[in-house]
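Counting in the working numbering, the sequence shown tops out at residue 257, every number present.
Accompanying notes for the structure given below.
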Amino acid sequence: MKRHLPYVLIGAAALVLDQLTKYLIEAFIPLGGSIPLIEGFFDLTYVRNTGAAWSMFEGSGMTFFYVITAVALVALALFYRHTSPQDKWTRCGLALMISGAIGNLIDRICFHYVRDFLHFNFFGYDFPVFNVADSALCIGVFIILLVFIVQERKGGTS
């Protein structure tokens, strides 16, 4: 268990940050409300997402998301189990992905929607609103992709 503790702590920290920020947003910003933090670039905007990323599959029903999330969590756990203890970056990425999936699953189970609030505008492109769990998932994927690219350039696995 000791060798898994850093990854459990990373995942737990991301999950706590996700749920805490969602709670605070819901407590202090009305649904649809927005607070500009960096004018024209970054707002806190509280929306409810009944779909997946960027509201895809909206209206698909909660069972669909429960099944997809359960399958993803099992796959991620198996992937983690088969990584070498020396493959720290991959395990870190997987911990973030697992915590992100769990964070949004908690919302779906408790509220039947996901609470999103991070809203960016990049050079006129209004980026879809997202949350800390989504960020953890994306950062985890990015870390794993970087690990694979580095390993490929080195000519094999670490």
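In this text, a Cβ means the ideal position worked out from N, Cα and C, and glycines have one as well.
Because the structure is a prediction, the values reported are computed rather than measured.
Leaving out five residues on either side along the sequence, give the residues of the same chain with a beta carbon under 6 Å from the beta carbon of residue i.
i: S133; result: D142, T144
i: A200; result: T168, A171, L172
Roughly how far, in whole angstroms, is the beta-carbon of residue i from the beta-carbon of residue j, given that I think they are within contact range, below 8 Å?
i: G192; j: V107; result: G192 to V107, Cβ: 14 Å. No contact.
i: M196; j: L175; result: 6 Å
i: G223; j: Q118; result: Actually they do not touch by this definition, with Cβ atoms about 33 Å apart.
i: T168; j: L204; result: 5 Å
If you follow the beta strand (DSSP E) that residue i is part of, which residue opens it and which one closes it?
i: F222; result: No beta strand (DSSP E) contains F222, which DSSP labels as neither H nor E.
i: L130; result: Run containing L130: none; DSSP gives neither H nor E here.
i: T182; result: Careful: T182 lies outside any beta strand (DSSP E) and carries neither H nor E.
i: R147; result: 141-148
Give the single residue among the options whose Cα lies nearest to the Cα of residue i.
i: K101; options: L116, P184, V170; result: P184
i: E125; options: S198, G139, L217, T189; result: L217
i: V228; options: F140, L114, L104; result: F140
i: P135; options: R252, F219, I248, I243; result: F219
Which same chain residues, not among the five before or five after residue i, have their C-beta less than 8 Å away from its C-beta?
i: H211; result: T149, M161
i: F241; result: G192
Assign residue i to one of two classes, buried (16 or more other C-beta atoms within 10 Å of its C-beta) or exposed (fewer than that).
i: D233; result: buried
i: R252; result: exposed
Spatial neighbours of residue i within its chain, please: CB distance less than 7 Å, with the 5 preceding and 5 following residues excluded, ordered by chain position.
i: S257; result: Unreliable positioning characterises S257 in this predicted model, as indicated by a pLDDT of 49, which lies under 50. The coordinate reading is nonetheless provided below. Hits under 7 Å: Q185, D186, Q250.
Just to confirm the assignment, what range does the alpha helix (DSSP H) spanning residue i have?
i: S133; result: Element bounds for S133: not the alpha helix (DSSP H) but the beta strand (DSSP E), 133-137.
Between residue i and chain B, is the shortest Cβ-Cβ distance under 8 Å, so that the two count as touching?
i: T182; result: Given the protein chain composition of this structure (a single chain), no chain B is represented.
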